[in-house]
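Chemist: At position 18 of the sequence shown the residue is numbered 354 (the working numbering), and the sequence of numbers has no breaks.
Think of the CB as a built atom: it goes at the ideal place given N, C-alpha and C, for glycine as much as any other residue.
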Amino acid sequence: TKFSWVTDITITEENVFELMRAGRARWKVENETFNTLKNQGYNLEHNYGLGKKNLSAVFTILMMLAFLIDQVQQLSCWLFQEALQQAESKRYLWESIRAFFHNYRVDSMETILRAIAHGYERRELKEVCRT
């Protein structure tokens, strides 16, 4: 594989290896991050702007903030890790979380993650509907 980068740093025999490693690391971070944001449920490609001033930028920043929080949880929260393992993909985890918010009143994110990680009683719709 042949890689190339654009830089304003003077390349010498002393720094070429370090610059090469930095360029590859940056490419890896950018490629993996944008792939996740586009293909694993964050919907980065969606046009949030709809013609409103700064709306697209605000939604993109909120999406990046959510991604950061998810990364921290994925590294440090055992319950998030169990829910993700049970869901088998980030996309399915996000859809499951959205479904809980849509269908139930929940007291905390912990309740949702516990339900996804450890299961919950699913009742027939007619049992919960008022007639």
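To the nearest angstrom, how far is it from the Cα of serine 392 to the Cα of methionine 399?
Modeler: The straight-line gap from Cα to Cα measures roughly 11 Å.
Chemist: In this structure, how does DSSP classify aspartate 443 when only helix, strand and coil are distinguished?
Modeler: DSSP places aspartate 443 in coil when its eight states are reduced to three.
Chemist: In angstroms, rounded to a whole number, what distance separates the CA positions of lysine 462 and isoleucine 405?
Modeler: The alpha-carbon atoms of lysine 462 and isoleucine 405 are separated by roughly 37 Å.
Chemist: Given this structure, state the Cα-to-Cα distance separating glutamate 446 from cysteine 413, to the nearest angstrom.
Modeler: Going by the C-alpha atoms only, they are around 11 Å apart.
Chemist: Measuring only the C-alpha atoms, how far is aspartate 419 from alanine 451?
Modeler: Going by the sequence as given, residue 419 is alanine instead of aspartate. Alanine 419 and alanine 451: Cα-Cα distance of roughly 8 Å.
Chemist: According to DSSP, is glutamine 421 helix, strand or coil?
Modeler: Of the three classes helix, strand and coil, the one that applies to glutamine 421 here is helix, per DSSP.
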